[in-house]
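Novice:
Numbering (the numbering used here), first residue to last: 4 to 133.
1) Which residue or residues does DSSP assign as beta-bridge partners of residue 99?
2) Who are the near neighbours of residue 113 in its chain, counting only those whose CB is closer than 6 angstroms to its CB and skipping five residues on each side?
3) Leaving out five residues before and five after residue 66 in sequence, what residues of the same chain have Cβ atoms less than 6 angstroms from its Cβ?
4) Could you tell me which uninterrupted alpha helix (DSSP H) segments, each at least 4 residues in length, are contained entirely in the segment 34–66, listed from first to last along the chain?
5) Can you grab the Cα-Cα spacing for the pair residue 53 / residue 35, in whole Å?
6) Residue 99 and residue 116 - do their beta-carbons sit closer together than 8 angstroms?
7) Just confirm the distance between the C-beta atoms of residue 26 and residue 69, as a whole number of angstroms; I'd bet it's less than 8 angstroms.
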């Protein structure tokens, strides 16, 4: 089942804040190098990006969400995700979510742990038209 989740960020850089350039990255905090300035090399295919074993490990511990809703005033993001996946990621207590920019490939927010994400109670039903 696909559910809608919400996370509120404590620290978001509001300068040059253009949501069209934002993506959400869900990542395992044990595999993404701390203090990372750009994520682009890890998202590129093996032919163009980092070909190391560490890069492979990082790539396998990242989920990129390009379709989501941003509420600038409350600094909150809402997104749809399979419930089984979210429960698995939250259970490890190592996964975080962060806003990144695709125009500069830099982060826009500080990470928030996925355990802080709230299930909004809404579920995806293709039979229901909003």
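For each residue, glycine too, the CB sits at the ideal point set by N, CA and C.
Specialist: Quick look at the numbers:
1) Taking the first residue of the chain shown as position 1, residue 99 is located at position 96. BP columns for residue 99 point to 30, 116.
2) Within the chain shown, residue 113 is the residue found at index 110, counting from 1. Taken in chain order, the residues that qualify are 14.
3) Along the chain shown, read from residue 1 onward, the residue named residue 66 stands at position 63. Residues 29 of the same chain have their beta carbon placed closer than 6 angstroms to that of residue 66, with the five preceding and five following residues left out of the count.
4) Restricted to the segment 34–66, the alpha helix (DSSP H) segments that are unbroken, complete and at least 4 residues in length are 43–46, 56–62, listed in chain order.
5) Numbered from its first residue, the chain shown carries residue 53 at position 50. Numbered from its first residue, the chain shown carries residue 35 at position 32. Going by the C-alpha atoms only, they are around 14 angstroms apart.
6) Stepping through the chain shown from its first residue, residue 116 is reached at position 113. Stepping through the chain shown from its first residue, residue 99 is reached at position 96. Between residue 116 and residue 99, the C-beta spacing is below 8 angstroms.
7) Mapped onto the chain shown, residue 26 falls at position 23. Mapped onto the chain shown, residue 69 falls at position 66. Cβ atoms of residue 26 and residue 69 come within 8 angstroms of each other, at about 5 angstroms.
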